[in-house]
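Peer 1:
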Amino acid sequence: MAAKDYYSVLGVGRGADDALLKKAYRTLARQHHPDKNPGDARAEERFKEISEAYAVLSDPDKRAHYDRFGTVPGSGGGPGDVGFGTIIEDLFEGFFGGGGGARRTRARHGEDLQYRLDISLEEAAHGLETKLQIPRHETCEACRGSGQEPGTTPETCGTCRGQGQVRFSQGFLTVARPCPACGGAGRVNRHPCAGCRGEGRVARERLLTVTIPAGIEDGNQLRLSGEGEGGLNGGPPGDLYVLLQIRPHEIFVRQGADLVCALPLTYPQACLGDEVDVPVLDGKARLTVPPGTQPGQRLTLKGKGMPHLRGRGHGHAVYEVVIEVPKKLSQRERELLEELRETSTASSGPLLSSFLDRMKKLFGS
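Note that the sequence shown covers residues 399 to 763 in this note's numbering.
1) Which residues mark the beginning and the end of the alpha helix (DSSP H) in which residue 529 is found?
2) Evaluate contact between the region 611-621 and the region 571-583, counting only Cβ atoms and requiring at least three cross-stretch pairs below 8 Å.
3) Count the C-beta pairs between the region 575-584 and the region 620-634 that are closer than 8 Å, then say yes if the count reaches three, no if not.
4) Using the Cα positions of residue 405 and residue 460, report the straight-line distance between them to the nearest angstrom.
5) Give the DSSP bridge partners of residue 737, in chain order.
6) Within the chosen definition, does the region 727-743 reach the region 540-551 through at least 3 CB pairs nearer than 8 Å?
7) Tell me the DSSP secondary structure of residue 702 in three-state form.
8) Could you tell me which residues DSSP pairs with residue 590 in its beta bridges?
9) Would you check if the distance between the CB atom of residue 598 and the CB atom of residue 508 is smaller than 8 Å?
10) Pop quiz: residue 626 and residue 534 are said to be a contact at Cβ under 8 Å. What is the actual Cβ separation, rounded to whole angstroms?
11) When the distance is taken between beta carbons, is residue 687 closer than 8 Å to residue 667?
12) Determine the DSSP secondary structure at residue 650, reduced to helix, strand or coil.
13) In angstroms, rounded to a whole number, what distance separates the CA positions of residue 723 and residue 695?
14) Could you tell me the boundaries of the beta strand (DSSP E) in which residue 614 lies?
15) Per DSSP, what are the beta-bridge partners of residue 566 in this structure?
16) Can you give the Cα-Cα distance for residue 717 and residue 421, rounded to whole angstroms?
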């Protein structure tokens, strides 16, 4: 008969799936494992209780019987007779991140690399082809990444006898750990390769050609497949990621495919309108300033911005108007401005009129 509520023991609901059961068991088993609580009889008893509950609920047939009748089929539902091989595998996987008894995979994928490349805004607009000097570890050609001297073979590890694991008993439980002698490989290299000193890789510098497409944006990455660190034991190399960083421009600020810059204008130019020379990436262009242009207004030259990276055409060059107020005036300028001030007071614009109306409502005069 089942004397306990196994769901409560694991802290899960009756509808918990296998993944949730396994997660709950691993968490509690790590917490109450006798290795982490030496001499603690309560922790050991709790560990047994957790293992017993998981042994029942992780077995579909036993769980179905338990859910229906509240009992465990067999001699009483103890951990010794409820499929403890599964528990060993799940506990080993939870502690060490691997399956029960599996050796470490021999072939290893090479690590990815990242290279930061600074370019100018003009280079980002037109695209370029450049060379990169990349330091990296490449697969040793002599041993093909095995680290073993050609013509020799690795020896079976005497500590684990080629299993890659060593096992020890803790009470009623047997736990496997990676072999400390061979690191879980199951074999020992007694004849390391002279070319790479048994590492399987050698340090190299490679000159690579990289094509930067027009319209690339700051923070974009280019992936060069197979140009990262070399793999080991026949594993494929990693990839190289080129991270693009665009240097700040002296005039333009990029906003998507548009290029924005501040355009200083005098008060007469803004009032009367004008035609002015403005910068573009390729030089200069003529821009029409319409009469009555306001501070902060944006004037646009279409198609003079950045090319679209994944489309056709270009963005725009955008000029944000800034009215420049002179700090020093000639006598004639002062006379003209005094005359203008008198005229402007008599015929104020809509912004000033609205502001004065709000002042009157606020202060009553």
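Glycine included, every Cβ here is placed at the ideal spot set by N, Cα and C. Treat the numbers as computed from the prediction; the structure is a model and nothing was measured.
Peer 2: Inspection of the coordinates gives the following:
1) First-last for residue 529: 526-537, but that is the beta strand (DSSP E), not the alpha helix (DSSP H).
2) Because the criterion of three Cβ pairs below 8 Å is not met, the region 611-621 and the region 571-583 do not touch.
3) By the Cβ test, the region 575-584 is not in contact with the region 620-634, since fewer than three Cβ pairs between them sit closer than 8 Å.
4) Whole-angstrom Cα-Cα distance: 13 Å.
5) According to DSSP, residue 737 bridges with nothing at all.
6) Between the region 727-743 and the region 540-551 there are fewer than three C-beta pairs closer than 8 Å, too few to call the two in contact.
7) Secondary structure at residue 702: coil, using DSSP grouped into helix, strand and coil.
8) Its beta-bridge partners are 546.
9) The Cβ atoms of residue 598 and residue 508 do not sit closer than 8 Å to each other.
10) 7 Å between Cβ atoms; contact.
11) Yes. Within cutoff.
12) Residue 650: coil per DSSP, three-state reduction.
13) Linking residue 723 to residue 695 through their CA atoms gives a straight-line distance of about 17 Å.
14) No beta strand (DSSP E) contains residue 614, which DSSP labels as neither H nor E.
15) When beta bridges are read from the DSSP output, residue 566 appears opposite 573.
16) Taking the straight line joining both Cα atoms gives about 59 Å.
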